[in-house]
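Undergrad: Below: one structure in structure tokens.
Protein chains: 2
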Amino acid sequence: MVKIELHRVSGDFHLEAVNENGNALQMDASPKIGGTDKGLRPMQLLLAALGGCSTMDVVSILKKQRQELKDIKITITGEREQDEVPALYTEVHVHFKLYGQLDKDKVEKAVSLSVEKYCSVAKTLEATAEVTYSFEIIDA
Amino acid sequence: MVKIELHRVSGDFHLEAVNENGNALQMDASPKIGGTDKGLRPMQLLLAALGGCSTMDVVSILKKQRQELKDIKITITGEREQDEVPALYTEVHVHFKLYGQLDKDKVEKAVSLSVEKYCSVAKTLEATAEVTYSFEIIDA
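From first to last, the protein sequence lines stand for chains A and B. For the first sequence, the working numbering begins at 4 and goes up steadily by one. For the second sequence, the working numbering begins at 4 and goes up steadily by one.
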């Protein structure tokens with residue numbers, strides 16, 4: 004079982020989430036609805052989770068293939084339904100920037116295995132949104 | 004468009020996610036797979052997002068109903084598929100503890116509207132998991 008505890012920190016909407024090891028993160032609502040902008044929005048967490056999940060898989064796969072990944076940066080973007088409540092994501096895109104002398108075919112395979120096969124967050128979001136990806140290798 | 008940037012902070016899997024206002028959160032993998040436990044796991048973020056989203060709706064609705072909510076604490080639990088990769092959530096439960104002299108019917112309505120109707124994260128997770136909720140009012 005996975006367990007998360009939430010408590011309110013300040014104002015109406017500033018919340019802290021804590022896992023069973025004591026790791027914490029902050030969420031808050033937009034000032035437009037009375038929030039104080041002291042943390043990510045809940046719907047932003049879904050994109051962060053997708054980026055984290057797919058990146059961890061990519062890093063693991065490249066490590067097994069003895070590819071020396073010097074650094075990795077990821078941008079996740081999402082489009083939500085317009086003028087709806089609830090407003091789900093309709094399209095989500097993950098772009099990976101991979102740094103190092105890396106084999107393009109191995110990177111392509113790692114990224115596709117991650118997003119299309121292994122990542123539990125991607126599979127969850129795919130039920131309601133189109134999830135796509137792209138990558139670039141930077142060997143500077 | 005919603006946009007999140009991720010970069011690696013340390014080790015193989017310790018990542019930081021940043022939104023467009025500069026709010027940040029940490030993720031990391033389990034030490035079992037080579038992580039260093041410096042943040043929440045990506046799949047834990049989904050539960051934190053669900054708790055945050057539904058709580059913000061509950062707080063808003065009770066405020067409109069002039070209910071004086073002194074504090075709120077939330078526990079979110081999830082069961083994942085066993086021995087599968089990916090391992091999606093199959094059941095997710097949100098339990099709200101609401102503090103104050105609150106009208107039980109109004110709380111019941113706020114909680115059910117939030118989880119069953121308004122919360123975008125709940126609607127996203129419902130596509131692949133059963134999402135349930137419960138609440139208690141603590142007037143001490």
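Glycine is no exception: its CB is placed at the ideal position from the N, C-alpha and C atoms.
Mind pulling the chain B residues with CB within less than 7 Å of F16(A)?
TA: Those are M59, V62, listed as they occur along chain B.
Undergrad: What's the C-alpha gap between T149(B) and D108(A)?
TA: Examination of residue 149(B) is not possible in this model, given that chain B is present from 4 through 143 alone.
Undergrad: Mind pulling the beta strand (DSSP E) runs of 3 or more residues that sit fully within the region 45-100 of chain A?
TA: You should have 74-83.
Undergrad: Between G42(B) and the rest of its own chain, which residues show a CB-CB distance below 6 Å, the 5 nearest in sequence each way excluded?
TA: For G42(B), where only same-chain residues beyond five positions count, the Cβ hits under 6 Å are Q29, M30, D31.
Undergrad: Does DSSP put T131(B) in a helix, in a strand, or in coil?
TA: Of the three classes helix, strand and coil, the one that applies to T131(B) here is coil, per DSSP.
Undergrad: Going by beta-carbon coordinates alone, are Y136(A) and S115(A) separated by less than 9 Å?
TA: Cβ atoms of Y136(A) and S115(A): closer than 9 Å.
Undergrad: Excluding sequence positions up to five away, which residues of its chain have a Cβ less than 7 Å from the Cβ of S57(A)?
TA: Around S57(A): V97, S117, V118, C122, A125.
Undergrad: Looking only at C-alpha atoms, which of T93(B), E133(B), K100(B), L91(B) sits nearest to K73(B)?
TA: Out of T93(B), E133(B), K100(B), L91(B), K100(B) has the C-alpha closest to the C-alpha of K73(B).
Undergrad: Return no unless some Cβ of chain B is closer than 9 Å to the Cβ of A52(A).
TA: It does; some Cβ of chain B falls within 9 Å.
Undergrad: Grab the span of the beta strand (DSSP E) containing A20(B) for me, first residue to last.
TA: 17-21 is the extent of the beta strand (DSSP E) around A20(B).
Undergrad: Alpha carbon to alpha carbon, what distance is there between T80(B) and L9(B)?
TA: Straight-line Cα distance between these residues: approximately 26 Å.
Undergrad: Looking at the secondary structure, which residues open and close the alpha helix (DSSP H) in which K112(A) lies?
TA: Where K112(A) is concerned, the enclosing alpha helix (DSSP H) stretches over 107-116.
Undergrad: Between the C-alpha atoms of Q47(B) and T127(A), what's the straight-line distance to the nearest angstrom?
TA: Each residue's alpha carbon lies about 13 Å from the other.
Undergrad: If I'm right that P89(A) touches A52(B) with Cβ under 8 Å, what's the distance once you round it to whole angstroms?
TA: Going by Cβ atoms, the distance from P89(A) to A52(B) rounds to 13 Å, so no, they are not a contact pair.
Undergrad: Roughly how many angstroms separate the alpha carbons of V61(A) and V12(B), rounded to a whole number?
TA: Spanning the two alpha carbons is a distance of roughly 16 Å.
Undergrad: Straight-line CA distance for V5(B) to E19(A)?
TA: Each residue's alpha carbon lies about 21 Å from the other.
Undergrad: With a threshold of 8 Å on Cβ separation, who are the neighbours of S33(B) within its own chain once the five nearest residues in sequence on each side are excluded?
TA: The answer, listed in chain order, is D40, R44.
Undergrad: For G55(A), does the count of other Cβ atoms within 10 angstroms reach 16, so buried, or fall short, so exposed?
TA: So G55(A) ends up on the buried side.
Undergrad: Among all the DSSP beta bridges, which residues are the ones paired with Y121(A)?
TA: Partner(s): none; Y121(A) has no beta bridge.
Undergrad: Give the residues of chain A in contact with S115(B), contact being defined as C-beta atoms less than 9 Å apart.
TA: Per Cβ cutoff of 9 Å: no residues; S115(B) is ~14 Å from chain A at best.
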